[in-house]
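As they're listed, the protein sequences go chains V and Z.
Note that our numbering has the first sequence beginning at 3, numbered continuously upward.
Note that our numbering has the second sequence beginning at 3, numbered continuously upward.
Written out below as structure tokens is the structure these notes cover.
Protein chains: 2
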Amino acid sequence: MIRTNKDFIVYIDTLRKKSRNQINEQVFEPKTTILKQDRRYNSVYLIRKGIAKCYITDENGKEFIQEFLGEGMEFGELEIFSNNLTICSVTSVSELEVYSFSHGTYRTLLEEDPIFNQLVMKALADKIRYKAPRHSYQHSYPIEDNILRLQRLFPELTEVLPKKDIANYIGVTIRSLNRALKELKLKQENSK
Amino acid sequence: MIRTNKDFIVYIDTLRKKSRNQINEQVFEPKTTILKQDRRYNSVYLIRKGIAKCYITDENGKEFIQEFLGEGMEFGELEIFSNNLTICSVTSVSELEVYSFSHGTYRTLLEEDPIFNQLVMKALADKIRYKAPRHSYQHSYPIEDNILRLQRLFPELTEVLPKKDIANYIGVTIRSLNRALKELKLKQENSK
DNA sequence: GGAATAAAAGGACATTTGTCCCAAGCTCTA
DNA sequence: TAGAGCTTGGGACAAATGTCCTTTTATTCC
Chain V
3 MIRTNKDFIV YIDTLRKKSR NQINEQVFEP KTTILKQDRR YNSVYLIRKG
53 IAKCYITDEN GKEFIQEFLG EGMEFGELEI FSNNLTICSV TSVSELEVYS
103 FSHGTYRTLL EEDPIFNQLV MKALADKIRY KAPRHSYQHS YPIEDNILRL
153 QRLFPELTEV LPKKDIANYI GVTIRSLNRA LKELKLKQEN SK
Chain Z
3 MIRTNKDFIV YIDTLRKKSR NQINEQVFEP KTTILKQDRR YNSVYLIRKG
53 IAKCYITDEN GKEFIQEFLG EGMEFGELEI FSNNLTICSV TSVSELEVYS
103 FSHGTYRTLL EEDPIFNQLV MKALADKIRY KAPRHSYQHS YPIEDNILRL
153 QRLFPELTEV LPKKDIANYI GVTIRSLNRA LKELKLKQEN SK
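The following block contains the structure:
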């Protein structure tokens, strides 16, 4: 659920030693919205530390969380390849340290640095791989299973995140999430 | 819903004029399964003509259709970037003409042909862009809206595809799909 | 510290969707 | 041509989920 890509961080760290001025560091407070949906920006970000959520808001104001981004994950990069508006908003969950690249710098790296190119390519492919089974799973299994899966994979997250975010991630209402949680608790007590 | 990428086809056509032997043409009958989930292959495919469906099957045998691939769409390419098993099965819907690349050829092109590299990069980014709003939409709107959207975008498809595929694409059971279709018909008659 | 605001929890009911059937129509083939 | 096996369509009921509303409990901010 929290996605990471350590290799990317490692490589950018070494890059920065060579050309410090091209890649900036930035820190965002928790709950800062860094990108808003349907806008245009001129930076690509790479997370160095912390967690961000990437989500779509529909016309009714409902949020649907696409993924939680952790160390080494990029955002704002899709707009490099096709000249479109952002599809997601990105908001920091915890304090967030990022590297930021101007579109120009990013493009130059893509063209001139084959390792960078490869890392970006792999990152894109991983995002696709990750999304496919996720939505399929959420459709096919009841809420309870989705919660259990989440708790198993990221026990720490369920304590840090507000219920609303967990619900938005699973794609259900808070009411339904609460119901499922209650029934899980009941089951666990009965099985003692 | 049927995704296409004409630019890619155009470029590969010109490539083939230069080095015909590297890129093969292949034709598949309708309903041929070209890739099976959780396997390993040594080819990447690019659709020249026809439609294929790309889907995940879960443990209960339920299919969940990820996307319908049309002209210029690739499949089997994700496994180039990370050394993993396929996540989707791919089956031809209509007769399917494809170009196929061995992993070796594909890798070489990626490394040595910057235009090819860029086209692949953009294709990956587009796949991500496409998936995000789709699943969000399907969660947020009732089945009826999803059908209407589909009929509006691809009127021809709803006539070619079996109901099962349409249901699997929207992520509901056939029963629910039929119910929604019936109610739509009723509404349309009433509004006359 | 106290008011205002947001988050968490859940009752009651409505709606949606799924499950399990059955039946009609079509296609393929032995 | 009879029957096996799909696909389509839908009835009846069960289960899951959403909506609306209220209450309680944290959190934030003057």
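Each residue gets a CB set at the ideal place from its N, CA and C atoms; glycine is no exception.
Item: Stretch-stretch touch, CB-based, cutoff 8 Å, three pairs: the region 142–154 of chain V with the region 87–102 of chain V; Value: no
Item: Contacts that residue 133(V) makes with chain Z (C-beta to C-beta distance below 7 Å); Value: 133
Item: Neighbour-count burial assignment, residue 19(Z), 16 or more Cβ in a 10 Å radius; Value: exposed
Item: Chain V within 8 Å of residue 182(Z), Cβ atoms only; Value: no
Item: Residue 12(V) - containing alpha helix (DSSP H), residue span; Value: 8–20
Item: Contact belief for residue 50(V) with residue 69(V) at Cβ below 8 Å, rounded distance in angstroms; Value: Not confirmed; about 18 Å, so no contact.
Item: Extent of the continuous alpha helix (DSSP H) to which residue 34(Z) belongs; Value: Careful: residue 34(Z) lies outside any alpha helix (DSSP H) and carries neither H nor E.
Item: Cβ neighbours of residue 157(Z) in the same chain (closer than 8 Å, five flanking residues each side left out); Value: none
Item: Cβ-based neighbour list, residue 90(V), same chain, cut-off 8 Å, excluding 5 preceding and 5 following; Value: 37, 39, 56, 57, 58, 68, 77
Item: Residue-chain proximity (residue 126(Z), chain V), Cβ-Cβ < 8 Å; Value: yes
Item: Sequence ranges, alpha helix (DSSP H) only - wholly within the region 80–155 of chain V, length at least 4; Value: 80–83, 105–114, 116–142, 145–155
Item: CA nearest to the CA of residue 121(Z), picked from 64(Z), 11(Z), 163(Z); Value: 11(Z)
Item: Where residue 2(V) falls: helix, strand or coil (DSSP); Value: Shown here, chain V extends from 3 to 194; a query on residue 2(V) therefore has no answer.
Item: Selected residue, minimal CA-CA separation from residue 136(V), among 79(V), 173(V), 191(V); Value: 173(V)
Item: Status (buried if at least 16 other CB within 10 Å, exposed otherwise) for residue 190(V); Value: exposed
Item: Continuous beta strand (DSSP E) stretch holding residue 69(V): start and end; Value: 65–71
Item: Residues that residue 178(V) bridges to, as DSSP identifies them; Value: BP columns for residue 178(V) are empty, so no partner.
Item: Contact with chain Z by residue 123(V), beta-carbon distance below 8 Å; Value: yes
Item: Chain-order list of residues whose beta-carbon lies under 6 Å from that of residue 47(V) (same chain, five-residue window excluded); Value: 77, 78, 100, 102
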